[in-house]
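Protein chains in written order, with our numbering: chain A, 2 to 299; chain B, 2 to 299.
Number of protein chains: 2
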Amino acid sequence: MTGNPLGISFVGSRMDRSDHIRGNPELLAGMMTPGARLLRLEGLDPVISAESRLEWGSLAEARDNAELVFLGRQDDRACFAQVPAAGSVAPPNPGLWQAIATLSGEELATYGGARTIVDWHARHRFCARCGHTTVLAKGGWQRNCTNEACRAEHFPRVDPVTIMLVEHEGNVLLGRQPRFPAGNYSALAGFVEPGEAIEEAVAREVQEEAGVIVRDVTYVGSQPWPFPSSLMIGCHAWADDPTVVVDKTELDDARWFTRAEVEDAMQALERNEGGSAFRAPPRTAVANALLRWWVARG
Amino acid sequence: MTGNPLGISFVGSRMDRSDHIRGNPELLAGMMTPGARLLRLEGLDPVISAESRLEWGSLAEARDNAELVFLGRQDDRACFAQVPAAGSVAPPNPGLWQAIATLSGEELATYGGARTIVDWHARHRFCARCGHTTVLAKGGWQRNCTNEACRAEHFPRVDPVTIMLVEHEGNVLLGRQPRFPAGNYSALAGFVEPGEAIEEAVAREVQEEAGVIVRDVTYVGSQPWPFPSSLMIGCHAWADDPTVVVDKTELDDARWFTRAEVEDAMQALERNEGGSAFRAPPRTAVANALLRWWVARG
Numbered sequence: 002m003t004g005n006p007l008g009i010s011f012v013g014s015r016m017d018r019s020d021h022i023r024g025n026p027e028l029l030a031g032m033m034t035p036g037a038r039l040l041r042l043e044g045l046d047p048v049i050s051a052e053s054r055l056e057w058g059s060l061a062e063a064r065d066n067a068e069l070v071f072l073g074r075q076d077d078r079a080c081f082a083q084v085p086a087a088g089s090v091a092p093p094n095p096g097l098w099q100a101i102a103t104l105s106g107e108e109l110a111t112y113g114g115a116r117t118i119v120d121w122h123a124r125h126r127f128c129a130r131c132g133h134t135t136v137l138a139k140g141g142w143q144r145n146c147t148n149e150a151c152r153a154e155h156f157p158r159v160d161p162v163t164i165m166l167v168e169h170e171g172n173v174l175l176g177r178q179p180r181f182p183a184g185n186y187s188a189l190a191g192f193v194e195p196g197e198a199i200e201e202a203v204a205r206e207v208q209e210e211a212g213v214i215v216r217d218v219t220y221v222g223s224q225p226w227p228f229p230s231s232l233m234i235g236c237h238a239w240a241d242d243p244t245v246v247v248d249k250t251e252l253d254d255a256r257w258f259t260r261a262e263v264e265d266a267m268q269a270l271e272r273n274e275g276g277s278a279f280r281a282p283p284r285t286a287v288a289n290a291l292l293r294w295w296v297a298r299g
Numbered sequence: 002m003t004g005n006p007l008g009i010s011f012v013g014s015r016m017d018r019s020d021h022i023r024g025n026p027e028l029l030a031g032m033m034t035p036g037a038r039l040l041r042l043e044g045l046d047p048v049i050s051a052e053s054r055l056e057w058g059s060l061a062e063a064r065d066n067a068e069l070v071f072l073g074r075q076d077d078r079a080c081f082a083q084v085p086a087a088g089s090v091a092p093p094n095p096g097l098w099q100a101i102a103t104l105s106g107e108e109l110a111t112y113g114g115a116r117t118i119v120d121w122h123a124r125h126r127f128c129a130r131c132g133h134t135t136v137l138a139k140g141g142w143q144r145n146c147t148n149e150a151c152r153a154e155h156f157p158r159v160d161p162v163t164i165m166l167v168e169h170e171g172n173v174l175l176g177r178q179p180r181f182p183a184g185n186y187s188a189l190a191g192f193v194e195p196g197e198a199i200e201e202a203v204a205r206e207v208q209e210e211a212g213v214i215v216r217d218v219t220y221v222g223s224q225p226w227p228f229p230s231s232l233m234i235g236c237h238a239w240a241d242d243p244t245v246v247v248d249k250t251e252l253d254d255a256r257w258f259t260r261a262e263v264e265d266a267m268q269a270l271e272r273n274e275g276g277s278a279f280r281a282p283p284r285t286a287v288a289n290a291l292l293r294w295w296v297a298r299g
């Protein structure tokens with residue numbers, strides 16, 4: 002175990018991915034027994050039991066000709082999930098949030114990993130190189146083009162995103178996207194682009210969105226975020242000049258908050274109360290863990 | 002500037018990506034002037050001048066109907082690269098290594114960023130969701146499906162890879178892949194999978210490839226690696242039990258080296274000499290920077 006000292010959500014699945022089985026057709030076929038488990042999903046959403054656990058069925062529940070992803074093994078049982086008819090790049094709706102908030106951290110991580118890969122399959126049924134159909138391969142960790150002249154291999158996406166707390170004289174820079182509920186602020190964030198180091202992506206995003214120059218970027222923690230396939234890379238950076246120039250095409254607002262304001266907002270969130278200077282990001286978001294880390298380091 | 006204290010290659014381009022121009026057709030059209038520069042490429046390889054600089058031409062050199070990527074602005078001039086007929090997922094050949102080794106760090110970074118994105122376009126001319134053709138959009142930072150019923154938007158890939166130095170009692174664990182030249186060893190590495198935090202990917206890869214359990218994973222530095230589109234995430238971790246069980250399907254060998262052996266190998270590499278316990282990874286690889294960092298921290 003590598004631990005999860007910051008208490009980041011979607012981390013800590015006990016699933017043993019058993020990579021060596023994926024590429025071995027005989028071993029993989031040997032996993033598909035009556036004792037194997039199939040994660041119950043409605044589309045991309047989990048089916049959650051009255052005891053707030055993920056529900057699992059048997060492979061007999063899979064649709065005919067369903068594409069099955071081998072998630073790995075847990076408690077000596079092979080675990081699968083089936084690819085739904087359609088994927089989605091939409092953010093989760095409030096109902097899904099409420100449902101998954103009842104799951105343990107470990108089960109939330111298992112669900113997130115399963116969701117992101119079956120969603121990828123559902124949205125990648127064709128070859129980006131030649132346009133022909135693709136088929137699931139290696140237990141669901143690859144898709145292969147069926148065109149003999151192409152034969153391209155495709156792999157699930159994991160899209161790195163930097164998300165950062167920028168600090169200046171004890172204050173932290175937070176912003177709000179237009180889609181946020183009123184009063185909500187969170188850490189600035191953006192995708193790492195081709196050709197960028199993590200530190201370069203952090204500096205570029207903060208400058209683009211808030212006009213602030215940063216230095217001394219450090220890594221804090223990471224989170225796999227399954228809506229649809231981000232790897233959130235949480236960082237901290239320092240600013241010498243607090244002047245903010247908000248990019249209104251990206252953000253409604255960005256401004257500095259004191260440590261006391263952040264601490265107050267985190268406590269209000271936990272107690273589900275209002276009255277704080279802003280509404281903090283939810284516990285499931287890595288920004289929440291980053292802010293808890295920042296408050297605690299004082 | 003965020004600096005590059007570890008001296009990591011492919012980092013430090015001076016290109017201003019000018020994100021706000023990409024999505025604005027008028028501003029983008031305004032960049033396509035006679036003064037705009039076109040990066041000279043032969044396929045995916047750079048054309049390098051006698052002075053060991055990247056060569057740039059004008060947009061007049063682009064093929065008819067070429068797809069053009071807006072790289073950004075540098076020294077007040079707009080910079081473009083054209084999408085080649087074919088991309089490649091193959092590792093670079095020795096000739097390319099020799100050529101790019103003569104470039105400055107800044108120009109190597111500019112080339113790497115340009116290569117990875119034009120390569121992505123060349124290998125993603127079709128919609129993975131519906132199989133129809135796609136067209137370049139937003140100055141080359143997106144492709145859009147041309148099928149009215151689909152309209153999927155596709156974004157360049159950046160594939161996070163963990164690469165790690167595992168330490169036990171002053172020794173470091175290195176491995177060699179079957180494709181390495183004889184005597185070469187480097188840091189273990191592997192793609193971050195859907196559903197994994199960086200720390201979890203590090204732990205899984207080391208256990209899979211070398212049977213070693215790690216703890217206390219920390220981040221060291223990152224590198225965009227353009228062959229074809231990796232984001233190398235360099236980490237350090239500790240092992241309590243040095244027992245190595247090599248996964249022979251992945252590695253020829255993995256074993257522990259002393260700090261003195263690593264220091265000797267790094268010096269031999271710089272002097273282009275043999276005689277060390279192993280041959281260290283080249284200066285362009287992030288593993289080289291990680292090993293220099295590890296030797297220096299003593």
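Ideal Cβ placement from N, Cα and C applies to all residues, glycine included. All of these numbers come straight from a predicted model, not from anything done at the bench.
Residues in its own chain within less than 8 Å of residue i by CB, not counting five upstream and five downstream?
i: Arg130(B); result: Cys146, Cys151 and Ala153
i: Glu298(B); result: Note that residue 298(B) corresponds to Arg in the displayed sequence, not to Glu. Closer than 8 Å at the Cβ level, and outside the excluded window around Arg298(B), lies no residue.
i: Trp226(B); result: Phe11, Gly113, Val162, Leu232, Met233 and Val287
i: Ser230(B); result: Thr117, Asp120, Trp121, Pro157, Arg158, Val159 and Asp160
i: Phe127(B); result: His133, Thr134 and Thr135
i: Gly212(A); result: Thr244, Val245, Val246, Val247 and Asp248
i: Glu107(A); result: Gly13, Ser14 and Arg15
What is the DSSP secondary structure of residue i, counted as helix, strand or coil?
i: Met2(B); result: For Met2(B), the predicted structure reports a pLDDT of 47, less than 50, and the residue's modelled location is therefore unreliable. A value from the coordinates is still provided. Of the three classes helix, strand and coil, the one that applies to Met2(B) here is coil, per DSSP.
i: Arg23(B); result: helix
i: Ile9(A); result: coil
i: Arg15(B); result: coil
i: His125(B); result: coil
i: Arg38(A); result: strand
i: Pro161(A); result: strand
i: Asp265(B); result: helix
i: Gln178(B); result: coil
i: Asp120(A); result: helix
i: Thr1(B); result: Only positions 2 to 299 of chain B appear in this structure, which leaves residue 1(B) out of reach.
i: Gly44(B); result: coil
i: Leu55(A); result: strand
i: Met33(B); result: coil
Which same chain residues, not among the five before or five after residue i, have their C-beta less than 7 Å away from its C-beta?
i: Phe156(A); result: Gln143
i: Ile9(B); result: Gly222, Gln224, Val287 and Ala290
Give the interface partners of residue i over in chain A, defined as CB-CB distance under 7 Å, in chain order.
i: Arg205(B); result: Arg18
Closer than 9 Å by beta-carbon distance: list the chain A residues that pair up with residue i, in chain order.
i: Trp57(B); result: Within 9 Å Cβ-Cβ: nothing; Trp57(B) doesn't reach chain A, min ~17 Å.
From this set, the options, which residue's C-alpha is nearest residue i's C-alpha?
i: Ala51(B); options: Pro95(B), Arg78(B) and Ile101(B); result: Ile101(B)
i: Gly222(A); options: Val70(A), Cys236(A) and Ala30(A); result: Cys236(A)
i: Pro195(A); options: Glu168(B), Asp160(B), Thr285(B) and Asp242(B); result: Asp160(B)
i: Ala63(B); options: Ala240(B), Pro35(B), Val213(B) and His133(B); result: Pro35(B)
i: Val296(A); options: Leu45(A), Arg78(A), Val173(A) and Arg18(A); result: Val173(A)
i: Arg38(A); options: Ser105(A), Gly88(A) and Gly73(A); result: Gly73(A)
i: Leu69(A); options: Gly140(A), Glu209(A) and Ala261(A); result: Gly140(A)
i: Leu45(A); options: Pro95(A), Ala115(A), Asp241(A) and Gln178(A); result: Ala115(A)
i: Val263(B); options: Arg23(B), Pro243(B) and Gly171(B); result: Gly171(B)
i: Ser89(B); options: Val215(B), His125(B) and Glu271(B); result: His125(B)
i: Asn94(A); options: Leu40(A), Ser187(A), Ala204(A) and Pro47(A); result: Pro47(A)
i: Gly31(B); options: Ala204(B), Leu40(B), Leu60(B) and Gly96(B); result: Leu60(B)
i: Asn66(A); options: Arg205(A), Gln268(A), Pro85(A) and Ala240(A); result: Pro85(A)
Pop quiz: residue i and residue j are said to be a contact at Cβ under 8 Å. What is the actual Cβ separation, rounded to whole angstroms?
i: Ile164(B); j: Ala198(B); result: About 16 Å; that fails the 8 Å criterion.
i: Ala82(A); j: Gly13(A); result: Ala82(A) to Gly13(A), Cβ: 18 Å. No contact.
i: Ala255(A); j: Leu175(A); result: 7 Å
i: Glu251(A); j: Glu210(A); result: 5 Å
i: Gln178(B); j: Asp253(B); result: 7 Å
i: Tyr186(B); j: Tyr220(A); result: With a Cβ gap of about 26 Å, Tyr186(B) and Tyr220(A) do not count as contacting.
Show which residues of chain B have a CB atom less than 8 Å away from the CB atom of residue i.
i: Gln224(A); result: Ala198
i: Cys128(A); result: Phe127, Ala129 and Gly132
i: Glu209(A); result: Asp20 and His21
Between residue i and the ligand GDP, is there a pair consisting of the residue's CB and a ligand heavy atom that are separated by less than 7 Å?
i: Ser223(B); result: In the structure on display, the ligand GDP does not appear, and there are no ligands present to speak of.
Here's a check: name, in chain order, each residue in its chain whose Cβ is nearer than 6 Å to the Cβ of residue i, leaving out the five neighbours to either side.
i: Leu7(B); result: Gly222, Ala290 and Trp294
i: Ile22(B); result: Leu28 and Leu29
i: Leu270(B); result: Ala281
i: Thr285(B); result: Ser10
i: His169(B); result: Ala240 and Pro243
Against residue i, what residues of chain B qualify as contacts under a CB-to-CB distance less than 9 Å, listed in chain order?
i: Ile101(A); result: What Ile101(A) touches in chain B: nothing, since even the nearest Cβ is about 14 Å away.
i: Gly141(A); result: In chain order: nothing, as chain B lies at least about 10 Å away.
i: Arg124(A); result: Ala129, Arg130 and Ala153
Give me the chain A residues within the contact set of residue i, using Cβ-Cβ distance strictly less than 8 Å, ordered along the chain.
i: Thr319(B); result: For chain B, the structure presents residues 2 to 299; residue 319(B) sits outside this window and is missing.
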